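Here's the structure we're looking at; comments come further down.
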Ligand SMILES: [Zn+2]
């Protein structure tokens, strides 16, 4: 059931990845997300069910597994 990478056409392999989603002042990290990953170019594909799960977690009030600090760099000030 391996799909072909839409970018470079190599075979994608099932794996678990870290996915970081950011908007406005909120950054959310998802770990061990099931995905298909291209070992050649790094392209990542999620199934629709996984996307739904990520979205529902983003908007849920479920406590996070853990919380990390995120450094912020402003290049306009550099
Ligand atoms: Zn690829």
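Numbering (the numbering used here), first residue to last: 526 to 603.
Every residue gets a Cβ at the ideal spot worked out from N, C-alpha and C, and that includes glycine.
Everything numeric in this text was worked out from a predicted model, so none of it was measured.
Put simply, the backbone Cα of residue 565 is about 7 Å away from that of residue 535.
Note: residue 529 is bridge-paired with 536 in the DSSP secondary-structure output.
Secondary structure at residue 575: helix, using DSSP grouped into helix, strand and coil. Residue 544 and residue 555 have their C-alpha atoms spaced approximately 5 Å apart. Under the three-state reduction of DSSP, residue 560 is assigned to strand.
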